[in-house]
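Line by line, the protein sequences are chains B and L.
Be aware that the first sequence starts at 1, since it is given in the numbering used here, and climbs by one per residue.
Be aware that the second sequence starts at 456, since it is given in the numbering used here, and climbs by one per residue.
Ideal placement from N, C-alpha and C gives every residue a C-beta, glycine not left out.
It should be emphasised that the depicted structure is a prediction, and the values quoted were computed from it without experimental measurement.
Let me begin by presenting the structure, written as structure tokens, before commenting on it.
2 protein chains.
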Amino acid sequence: MSDLLERLRTGLPAEALITDPDVTASYAHDMASFCEAGTPAVVVLPRTVEQVQHVMRTATELRVPVVPQGARTGLSGAANASDGCIVLSLVRMDRILEISPVDRIAVVEPGVINAVLSRAVNEHGLYYPPDPSSWETCTIGGNIGTASGGLCCVKYGVTAEYVLGLDVVLADGRLLTTGRRTAKGVAGYDLTRLFVGSEGSLGIVVQAVLALKPQPPQQLVLAAEFPSAAAACDAVCRIMERGHTPSLLELMDRTTVRAVNALASMGLPETTEALLLCAFDTPDPAADLAAVGALCTAAGATEVVPADNPAESELLLQARRMSLTALEAVKSATMIDDVCVPRSRLGEMLAGTAAIAERYDLTIGVCSHAGDGNTHPVVCFDHTDPDESRRARESFDAIMALGLELGGTITGEHGVGVLKKEWLARELGETGIELQRGIKAAFDPLGLLNPGKLF
Amino acid sequence: MSDLLERLRTGLPAEALITDPDVTASYAHDMASFCEAGTPAVVVLPRTVEQVQHVMRTATELRVPVVPQGARTGLSGAANASDGCIVLSLVRMDRILEISPVDRIAVVEPGVINAVLSRAVNEHGLYYPPDPSSWETCTIGGNIGTASGGLCCVKYGVTAEYVLGLDVVLADGRLLTTGRRTAKGVAGYDLTRLFVGSEGSLGIVVQAVLALKPQPPQQLVLAAEFPSAAAACDAVCRIMERGHTPSLLELMDRTTVRAVNALASMGLPETTEALLLCAFDTPDPAADLAAVGALCTAAGATEVVPADNPAESELLLQARRMSLTALEAVKSATMIDDVCVPRSRLGEMLAGTAAIAERYDLTIGVCSHAGDGNTHPVVCFDHTDPDESRRARESFDAIMALGLELGGTITGEHGVGVLKKEWLARELGETGIELQRGIKAAFDPLGLLNPGKLF
């Protein structure tokens, strides 16, 4: 231990090392606080690539595990410390190195906050779409590690689709440059994509080339009330089947709507069973919303309210964005699931989740990126009640089992971390896991990078 | 050899095996006929997944290399046979298994022809964008293996972005299902993406889930004449910088324009130095073309001609699509390069290519996916002239060196195959190649799948 600190100090300034146990303890876990987490030996906050290389060389020499971290807003424990590890926090490597409107790329360090980048590129008329709910605090490095999604995915896709190239410090301290600055490129296996969503288990991302889009017109939102989740899902299918491309297509169930009203008096319609939000950022969003409104009515909507202006639209989005926080206030604890199914099966997924809530006698609020078939069932429970806690855990698993049954995945955007390790094995099967381990061994033969995550 | 055939016959119908050397010889190489190619021991044409598994099990037992093939329209020799190999042609597995307008996916076997799929999904109001020049003959499996691009990439991206899930027969015959049918998913390392562009070296794709887009309005094309390549590249930068999203942005140099006229009397303007084609498939393409036309004029265009109707547009596209064929007719042989640079460096790339043509005293016609910075310099030479052949080869390499110098890649969409193996190592560096080999070893420890390709 003292050997570790001594060796780290040879290549790092004093301010880059935190050893005070009271402080290092605060780096022990991400937002999945209920997942197991160990006690770090030291927290390192490098500012340069060379410093990261020094940390990894030291870790390799001394066989010390390394847990990379961004802003620790993850929801699966992927950033949780293991006992005696080096926590490698990249938050101080937070420079935007380049924004090119002609090449439509940004080059950034991993600690840049998502919202900071988004605003910076906006000033150049550009748009960085990935927008996880935590976008005001989460880092690009964390987004890359967990392959984050967000509200915009139904039109713009996920983080993976915006990562063109990476500089990565490997487990042994070597620096790898992979991918490109170009719009296209097929030179060899796509290592860049392999790092995206690898939860820090293959290398430490120290720089990223990100693709940007031209900034679209401001989106306009419509809210539609439905008498049942089934009717709302029918509307979602009709909208997508007709070839519409909304910039957002979100569904809040009654539990979520009530929770949001309780938290912030948003005045959402409490009597509705399902509230669908749809937006367009097209040249004529009002026309697109009118067409979608008609489809909603045909599917049984009792009320269709298009926003008249961007301010009204923003209010509706705020309601949606605070859903998880609002549901967290329902009981003393929550477990947030993240099952994604083919959108044609969304109705079955929601009906099945309601049945699970009833079977386990629990409150489960569901907000969904409906256009993507990605549901976030939030199991609300009293963590001081052992029986309720057990039922919560069982319902959480039942929801994932249902997702797989419907041809879906156990995680649409939150990742595996420690939370869903067992379930990853179920989804991928023996052969899949064996190949994943083979890749891990090729990159990190000593198993030092974020051990105990994924599989 | 007779042992190999005997074993293959135990799991394959007679019609699935070709052993006549005159016929198997025709499977020896793809369109890169000037690359080295061996003599296959046998050509196998399976119709089922089980048959593919039988082939791979047999190959593993007997340690026989396997070269997977689609329609052999590749341009880098990735489908070229090695001596004594099994050529595994997937062209008879050509069923479209499912098209879902709600989920916006198609499920297909690898032998489906790109154009057949494109037309089939059109009938459902859907669009499968990847459109390599060979789209009327090339297969989806080949497109996946080589990560094909096309004219649409500037707006719609490349094949990789449309592959959601794969069924893959591994080297030892095991069947792996990877990826998803869902819009999103982050369960483990992205093995699906790893197979895309792997040129058959990691496994045999036997089924694919492809993402589809809603069918856009028919595109309208504009042609602009420029007095220099530099001015045309300036226009390209202005168009992209202003936030336009053309569905096509192509550049033909004078050599290409003349070659096309010579081949098909297309009436293209022969006096121009650079002909830029730009298209939009937006709701109001004429308005977008007018804006782009103004930018072209500002950049020095001497003539800007928007097409009045889809028929005129189609004619301009036909001219572009026949560019390679036309350049092939200039001399007895051609070598087609595929360097992609950041679009801000496209002008330097074209100027440098012209200088290379002069230095080596060669005709090099260049057509470019200009919006992507992806150039196809076509070196035209007399293959019976040893000195000219040597200069052609040297100029081909000089073009790749220039691309790397400008921050680009040696291959934007044609792949590595045998043609660019040495150059892949230069682009990726020692560490990159070592990791690529590590991945290869994890999937194919005996090195039986398409040996001698990539690295």
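- Query: Can you tell me whether DSSP reads I410 of chain B as helix, strand or coil?
  - Reply: Residue state, collapsed to three classes: coil.
- Interface flag, E36 of chain B vs chain L, CB-CB below 7 Å: Closer than 7 Å: no.
- Supposed contact pair V108 of chain B and V206 of chain B - C-beta distance, whole angstroms, cut 8 Å: At roughly 10 Å, the Cβ-Cβ gap does not stay under 8 Å, so V206 of chain B and V108 of chain B are not in contact.
- Shorter than 7 Å from the beta carbon of L649 of chain L to some beta carbon of chain B? Yes, its Cβ sits closer than 7 Å to a Cβ of chain B.
- Message: Please state the DSSP three-state secondary structure of Q524 of chain L.
- Response: DSSP places Q524 of chain L within a strand segment (E or B) once states are collapsed to three.
- Contact set between the segment 31-64 of chain B and chain L, restricted to residues whose Cβ is under 7 Å from the partner: So the list is empty, because no residue satisfies the distance condition.
- Message: Please report the distance separating the alpha-carbon of G872 of chain L from that of I865 of chain L.
- Response: Roughly 12 Å between the two C-alpha positions.
- Under 7 Å between beta-carbons, which chain L residues line up against R104 of chain B? List them in chain order, please. By Cβ distance, chain L contributes M695.
- Message: Just verifying my parser: in three-state terms, what is the DSSP assignment at L744 of chain L?
- Response: If DSSP states are grouped into helix, strand and coil, L744 of chain L belongs with the helices.
- Item | Per-residue burial, T474 of chain L [other beta carbons within 10 Å of its own, 16 or more giving buried] | Exposed: under 16 other Cβ atoms inside 10 Å.
- For the beta strand (DSSP E) holding E439 of chain B, just list the boundary residues, first then last. Going by the sequence as given, residue 439 of chain B is Ile instead of Glu. For I439 of chain B, no beta strand (DSSP E) encloses it; the enclosing alpha helix (DSSP H) starts and ends at 421-443.
- Message: DSSP three-state label for H54 of chain B, please.
- Response: The DSSP-derived three-state label of H54 of chain B is helix.
- Item | As assigned by DSSP and simplified to three states, the class of Y482 of chain L | Helix at Y482 of chain L.
- Where Y583 of chain L sits in the DSSP three-state scheme: It is coil, neither helix nor strand.
- Taking L277 of chain B as the reference, which of B:D387, B:E303, B:D284, B:S265 has the closest Cα? In this structure, B:E303 is the residue among B:D387, B:E303, B:D284, B:S265 with its C-alpha nearest to the C-alpha of L277 of chain B.
- Out of L:G862, L:K668, L:L572, point me to the one whose CA is closest to E616 of chain L's CA. The residue among L:G862, L:K668, L:L572 with its C-alpha nearest the C-alpha of E616 of chain L is L:K668.
- Message: Just to make sure I have the definition right: I need the residues of chain L whose C-beta is within less than 9 Å of the C-beta of C138 of chain B. Which are they?
- Response: Within chain L, no C-beta atom comes nearer than 9 Å to that of C138 of chain B; the closest sits roughly 15 Å away.
- Tell me, please, whether the CB atom of I554 of chain L is closer than 7 Å to any CB atom in chain B? No - not a single Cβ of chain B is within 7 Å of the one on I554 of chain L.
- Query: Taking 6 Å as the line, does the beta carbon of A41 of chain B fall inside it for any heavy atom of the ligand MG?
  - Reply: The model depicted lacks the ligand MG and carries no ligand whatsoever.
- Does any residue of chain L bring its CB to less than 7 Å from the CB of T73 of chain B? No, its Cβ sits nowhere closer than 7 Å to a Cβ of chain L.
- Task: Flag V366 of chain B as yes if its beta-carbon sits less than 7 Å from any beta-carbon of chain L, otherwise no.
- Result: Look at V366 of chain B: its C-beta is not under 7 Å from any C-beta on chain L.
- Task: Take A299 of chain B and list the residues in its own chain whose beta-carbon comes closer than 7 Å to its own, dropping the five residues that flank it on each side.
- Result: Taken in chain order, the residues that qualify are A231, D234, A235, R238.
- Query: Under 7 Å between the Cβ atoms of R527 of chain L and A534 of chain L?
  - Reply: Result yes, Cβ atoms of R527 of chain L and A534 of chain L sit closer than 7 Å.
- Grab the span of the alpha helix (DSSP H) containing Q318 of chain B for me, first residue to last. Boundaries of the alpha helix (DSSP H) harbouring Q318 of chain B: 310-321, taken from the DSSP string.
- Query: For the putative contact between F650 of chain L and G643 of chain L, defined by C-beta atoms under 8 Å, what is the C-beta separation to the nearest angstrom?
  - Reply: F650 of chain L to G643 of chain L, Cβ: 14 Å. No contact.
- Message: Measuring straight from C-alpha to C-alpha, what distance separates V796 of chain L and Q673 of chain L?
- Response: Straight-line measurement puts the Cα of Q673 of chain L at about 29 Å from the Cα of V796 of chain L.
- Message: From the DSSP secondary-structure annotation, give me the bridge partner or partners of D540 of chain B.
- Response: Because chain B here runs from 1 to 455, residue 540 of chain B falls outside it and cannot be looked at.
- Does any residue of chain B bring its CB to less than 7 Å from the CB of L572 of chain L? No, L572 of chain L lies away from the interface with chain B (no Cβ there is under 7 Å from its Cβ).
- Query: To the nearest angstrom, how far is it from the Cα of L220 of chain B to the Cα of A229 of chain B?
  - Reply: If you draw a straight line from the Cα of L220 of chain B to the Cα of A229 of chain B, it comes to about 23 Å.
- Contact with chain L by K155 of chain B, beta-carbon distance below 7 Å: Chain L, which has no Cβ nearer than 7 Å to the Cβ of K155 of chain B, makes this no.
- Item | Rounded distance between the beta-carbons of L874 of chain L and G532 of chain L, thought under 8 Å | So it is a contact: roughly 5 Å between Cβ atoms.
- Message: Please report whether the beta-carbon of I894 of chain L lies at a distance below 7 Å from any beta-carbon of chain B.
- Response: It does; some Cβ of chain B falls within 7 Å.
- Backbone secondary structure at V416 of chain B - three-state DSSP: DSSP places V416 of chain B in coil when its eight states are reduced to three.
- Message: Using CA atoms only, rank isn't needed, just tell me which of B:A279, B:V257, B:L263, B:A262 is closest to P462 of chain B.
- Response: The shown model of chain B, from 1 to 455, leaves out residue 462 of chain B, and the question about it has no answer.
- Query: Does the beta carbon of E882 of chain L come closer than 7 Å to any beta carbon on chain B?
  - Reply: Yes, because at least one Cβ of chain B sits closer than 7 Å to the Cβ of E882 of chain L.
- Message: For chain L, check one thing: does any of its Cβ atoms lie closer than 7 Å to the Cβ of D131 of chain B?
- Response: At a cut-off of 7 Å, the C-beta of D131 of chain B has no neighbouring C-beta in chain L.
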